[in-house]
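If you want our numbering, it's the position in the sequence shown, counting the first as 1, plus 9. Don't be surprised by glycine CBs; every beta carbon is placed ideally from N, CA and C. Take a look at the structure set out below.
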Amino acid sequence: MDKGDQRSGAQPKNPMTEEDAARIQSAYAKQHGGKVDKGSFPARAQAAAARNENKSKEEGSEQSGEETRNTR
10 MDKGDQRSGA
20 QPKNPMTEED
30 AARIQSAYAK
40 QHGGKVDKGS
50 FPARAQAAAA
60 RNENKSKEEG
70 SEQSGEETRN
80 TR
């Protein structure tokens, strides 16, 4: 899958999780004296994990909202 597919709205097969991002960031920090540079792969992984987490929370709240509206 190329980057064009992901940016066009296609879902990745395995979305980045917060645990994945933490593991990547930890390994990188150990190799770079405890620092994680802005714009580095670990920083982008963390941002992707946060986006995925927020997206899943929004989808959950939309579904519960629909259930509420349908029961009235």
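With H, G and I counted as helix, E and B as strand and the rest as coil, what does DSSP make of residue i?
i	result
Ser70	helix
Using a Cβ-Cβ cutoff of less than 8 Å, which residues in the same chain neighbour residue i once the five nearest sequence positions on both sides are dropped?
i	result
Ser49	Tyr37
Is it the case that the Cβ atoms of residue i and residue j are separated by a distance below 8 Å?
i	j	result
Met25	Ala54	yes
Thr59	Asp29	Residue identity differs from the one stated: residue 59 is Ala in this sequence, not Thr. No, the Cβ-Cβ distance between Ala59 and Asp29 is not below 8 Å.
Glu27	Glu62	yes
Those runs of the alpha helix (DSSP H) which lie wholly inside the region 21 to 69 and span at least 4 residues
27 to 40
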